[in-house]
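**Q**
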Amino acid sequence: MPRYGMVIDLKRCFGCYACSMACKTVNHTPPGVFWARVLMGEVGTFPNAVRQALPMLCMQCEEPSCLEVCPTGATQKRDDGIVIVDKDKCMGCKYCIMACPYGARYSVDKWESYFPDGLPLSPLEEFQKKAWEEKSGVGVATKCDFCIDRLAEGKLPSCVEACPAKARIFGDLDDPDSEVSVLIKKERGQVLNPEFGNKPKVYYLFPR
Amino acid sequence: MDPKVNGQLQLEWGWLIAVYLFLGGVGGGAYTIAAINSFLGESLALSTTVGLWIGFPALLIGTLFLMVDLGSPSRAFLAAMKPGTSWIARGTLIISIFMVLSFVHLILHQFTKFGGTADGETIIDIIAVAGIVFAIGTMAYTGILLSASKGIPFWRSGVVPVVFVISATVTGHFAIMLGVALYGDIVATMEPLRTMAVEAAGLVVLEVLAILFFLQAAYRQPDSRESAERILRKTMFVIGYFILGLAAPLILMIIVYRSTANALTMVAIGAVLGLIGGLILRQAVLVCGALPTLNIAGFEFRRIHRPKEPKAGVGMLPPQ
Chain A
6 MPRYGMVIDL KRCFGCYACS MACKTVNHTP PGVFWARVLM GEVGTFPNAV
56 RQALPMLCMQ CEEPSCLEVC PTGATQKRDD GIVIVDKDKC MGCKYCIMAC
106 PYGARYSVDK WESYFPDGLP LSPLEEFQKK AWEEKSGVGV ATKCDFCIDR
156 LAEGKLPSCV EACPAKARIF GDLDDPDSEV SVLIKKERGQ VLNPEFGNKP
206 KVYYLFPR
Chain B
93 MDPKVNGQLQ LEWGWLIAVY LFLGGVGGGA YTIAAINSFL GESLALSTTV
143 GLWIGFPALL IGTLFLMVDL GSPSRAFLAA MKPGTSWIAR GTLIISIFMV
193 LSFVHLILHQ FTKFGGTADG ETIIDIIAVA GIVFAIGTMA YTGILLSASK
243 GIPFWRSGVV PVVFVISATV TGHFAIMLGV ALYGDIVATM EPLRTMAVEA
293 AGLVVLEVLA ILFFLQAAYR QPDSRESAER ILRKTMFVIG YFILGLAAPL
343 ILMIIVYRST ANALTMVAIG AVLGLIGGLI LRQAVLVCGA LPTLNIAGFE
393 FRRIHRPKEP KAGVGMLPPQ
């Protein structure tokens, strides 16, 4: 059984948001929900400050705090290490959202239109709403699941496939010859805030 | 969005959860005081009755607020499935047991002559002792729920449960005083109310010390400093909690204690202000919770936020 993980090369990422858009297209996330988001930050201090894009997604932690706090057992970790939410068990207490230090979880009470002023849903939005309700559900916690449906079809997660700079690499962390394992070892892949102790499986290659 | 904010504010838990935590605290505090008073003699019988009448209903109403906040309340029956790791599951069990005990205690105390016999009195005493344990557990749970949230450094402090337990005791005390002042006989209740006013003043002083320690500890931690600054900039917190919710009741309770005349109105005003202060404290602590700043290898990512609303001009229709 593989143990899936991702490497994000920050030297390559230029903040085009293609990952965010691809995720939205595939997972039909409603307005305000970004399973694959890109944060823009300033790194360092003057005079050595640079603007840096930081793509974020669920870190698929080895020791997920969301799993620990979930009272109903809706949050589960699969054998391949991917953390998922069983929408039929989630009661929508939002405690997992408070427990995730990476801010990767969302809760949607209602699928609202992308367009302002109370316009009715467009046919595309109607389709997206239905697809979202079938897969993720309303009133429950939702999060990135490394596109498990696509993985089952032998495809890569949508954000990885869409990245024009090839800044995202996906693979098996247990395979020492996989590209992710080699990159983590060779380029000293680092995780976000290791002090949280969640042991994320998304690694970043940082400009040195 | 304030450009100085590094962490992203939590937006999921608001007033409904604040009211739930507040009423859980009031219920636990009122019951604890009522049950302790039941062991201390007949002179405190009225405060016992009032406290029992506040304890169970407050918990029940508080739970309703939680249910309204749940995204899928029809699955609330699953809430206690993982008590091994989840504080919500543990809290559900604690509150459920406490609700049963406080309800049984109220029924036996108010509607039966069960306490008239020696055996009956022993059973009520056992229920009261178990009730006190679970009432304290409920009060502590409202704080532990927050302090166990890894994603919000401001809440992730051992002081939060201490503050919430003290505040719950204070609000429970004020709730009983309000009930006694409203429904008690003026001549008979003024003397016990003076004693309760001294106790309330002492508890408020303890709460002031605890909240100052909590804010000072939060300010010293880089990850929670932003939240500490934010809560102290909130007018509602400074005026509504510190001045009207703590200072004013403290002064009124001292006046009540020193007054020789009938001071029921002053008791009622002080108690109401103290109760409102307790609610504001919880709401302010909730809404000022922010996610930690992200960093890789010592490099900090600043000005990170996830806007809930679209920026002005983005996604808007062009003017006609």
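If you're matching them up, the sequences are chains A and B in order. So the number in the numbering used here is just where the residue sits in the first sequence, counting from 1, plus 5. So the number in the numbering used here is just where the residue sits in the second sequence, counting from 1, plus 92. We put the CB at the ideal spot given by N, CA and C, even for glycine.
Roughly how many angstroms separate the alpha carbons of Ile219(B) and Thr177(B), rounded to a whole number?
**A** 28 Å
**Q** Less than 8 Å between C-beta atoms, sequence neighbours within five positions excluded: which residues of the same chain meet that for Val296(B)?
**A** If we look at Val296(B) and ignore the five residues flanking it on each side, its Cβ neighbours are Val262, Leu338, Pro341, Leu342, Met345 and Gly366.
**Q** Note down, in chain order, every chain A residue with its Cβ under 9 Å from the Cβ of Pro341(B).
**A** Result: empty, since nearest Cβ-Cβ is about 31 Å, beyond 9 Å.
**Q** If we require 4 or more residues per run, which alpha helix (DSSP H) segments fall completely within the region 81-127 of chain A?
**A** Here the runs fully enclosed are 100-104.
**Q** Hey, would you say Tyr233(B) sits closer than 8 Å to Gly183(B), going by beta carbons?
**A** For Tyr233(B) and Gly183(B), yes; Cβs fall inside 8 Å.
**Q** Please state whether DSSP places Leu307(B) in a helix, a strand or coil.
**A** helix
**Q** May I have a chain-ordered list of the alpha helix (DSSP H) segments no shorter than 4 residues that lie completely inside the region 155-179 of chain A?
**A** 163-167
**Q** Any contact of the region 55-66 of chain A with the region 148-157 of chain A, i.e. 3+ C-beta pairs under 8 Å?
**A** yes
**Q** Can you give the Cα-Cα distance for Val406(B) and Ala167(A), rounded to whole angstroms?
**A** Here the model assigns Val406(B) a pLDDT of 46, short of 50, so the residue's position is not dependable, and the following value carries that caveat. Approximately 24 Å between the Cα atoms of the pair.
**Q** Under the rule that 16 or more other beta-carbon atoms within 10 Å means buried, what is Thr413(B), buried or exposed?
**A** Chain B is shown only over 93 to 412; residue 413(B) falls outside these bounds and no answer can be derived.
**Q** If contact is defined by three or more beta carbon pairs under 8 Å, each pair taking one atom from either stretch, is the region 105-125 of chain B in contact with the region 252-268 of chain B?
**A** yes
**Q** Are Asn198(A) and Pro106(A) touching if we call contact CB-CB under 8 Å?
**A** yes
**Q** Closer than 9 Å, Cβ to Cβ, to anything on chain A: give me those residues from the region 166-191 of chain B, in chain order.
**A** For the region 166-191 of chain B, the beta-carbon criterion of a distance under 9 Å to any beta-carbon of chain A is satisfied by Ser166, Arg167, Ala168, Phe169, Leu170, Ala171, Ala172, Met173, Lys174, Pro175, Thr177, Ser178, Trp179, Ile180, Ala181, Arg182, Gly183 and Thr184.
**Q** Report the neighbours of Ile244(B) on chain A: residues whose CB is nearer than 8 Å to its CB, in chain order.
**A** Met103
**Q** Quick check: is the beta carbon of Cys21(A) nearer than 8 Å to any beta carbon in chain B?
**A** no
**Q** Check the Cβ of Glu104(B) against every Cβ in chain A and list those closer than 8 Å, keeping chain order.
**A** Lys99, Ile102, Met103 and Ser112
**Q** Answer with buried or exposed for Asn129(B), where buried requires no fewer than 16 other C-beta atoms within 10 angstroms of its C-beta.
**A** The Cβ neighbour count for Asn129(B), taken over all protein chains shown within 10 Å, is at least 16; the residue is labelled buried.
**Q** Short of 7 Å in beta carbon distance, which residues of its chain neighbour Thr140(B), apart from the five on each side in sequence? Order them along the chain.
**A** Ala126, Asn129 and Ser130
**Q** Buried or exposed: Asp182(A), going by 16 or more other Cβ atoms within 10 Å of its Cβ?
**A** exposed
**Q** Just the Cα atoms here: how many angstroms apart are Arg317(B) and Lys82(A)?
**A** 33 Å
**Q** Quick test of your reading: Gly223(B) and Ser194(B), contact by CB under 8 Å. State the CB separation rounded to the nearest angstrom.
**A** 6 Å
**Q** What residues of chain B sit near Ser70(A), judged by a beta carbon separation below 8 Å?
**A** Residues of chain B whose Cβ lies closer than 8 Å to the Cβ of Ser70(A) are, in chain order, Lys242 and Gly243.
**Q** Count Cβ pairs between the region 145-164 of chain B and the region 194-203 of chain B that sit closer than 8 Å; are there 3 or more?
**A** yes
**Q** Rounded to the nearest angstrom, how far is the Cβ of Ala227(B) from that of Phe190(B), given a contact under 8 Å?
**A** 6 Å
**Q** Taking Trp85(B) as the reference, which of Trp107(B), Leu108(B) and Pro384(B) has the closest Cα?
**A** Given a span of 93 to 412 for chain B in the structure shown, any question on residue 85(B) remains unanswerable.
**Q** Based on the DSSP secondary-structure assignment, which residues constitute the bridge partners of Asn203(A)?
**A** Per DSSP, none; premise fails for Asn203(A).
**Q** Say whether chain A places a C-beta atom closer than 8 Å to the C-beta of Gln100(B).
**A** yes
**Q** Measure the CB-CB distance between Tyr5(A) and Glu131(A) and report whether it falls below 8 Å.
**A** Since the first and last residues shown for chain A are 6 and 213, residue 5(A) lies out of range.
**Q** Could you pull out every residue in the same chain whose Cβ sits closer than 7 Å to the Cβ of Asn32(A), ignoring the five residues on either side in sequence?
**A** Excluding its 5 nearest sequence neighbours in each direction, Asn32(A) has C-beta neighbours in its own chain below 7 Å: Trp40, listed in chain order.
**Q** Exposed or buried, what is Val82(B) when buried is set at 16 or more other beta-carbons lying within 10 Å of its beta-carbon?
**A** With chain B running from 93 to 412 in the structure shown, residue 82(B) is simply not present.
**Q** Just to check my reading of the structure: Gly229(B) and Val252(B) have Cβ atoms closer than 8 Å, yes? What is that Cβ distance to the nearest angstrom?
**A** With 8 Å as the limit, Gly229(B) and Val252(B) do not qualify as a contact, their Cβ atoms being about 16 Å apart.
**Q** Nearest CA to the CA of Leu108(B): which residue from Leu386(B), Ile388(B), Asn387(B) and Val379(B)?
**A** Val379(B)
**Q** From the DSSP output, in three-state form, read off Gly10(A) for me.
**A** strand
**Q** Label Val111(B) either buried or exposed according to how many other C-beta atoms from any shown protein chain fall within 10 Å of its C-beta, with 16 as the threshold for buried.
**A** buried
**Q** Between Asp75(A) and the rest of its own chain, which residues show a CB-CB distance below 6 Å, the 5 nearest in sequence each way excluded?
**A** It should be noted that the sequence gives Cys, not Asp, for residue 75(A). Once the five neighbours on either side are set aside, the close Cβ partners of Cys75(A) are Cys101.
**Q** Where do the N-terminal and C-terminal ends of the alpha helix (DSSP H) with Ala222(B) fall, by residue?
**A** Ala210 to Ser239
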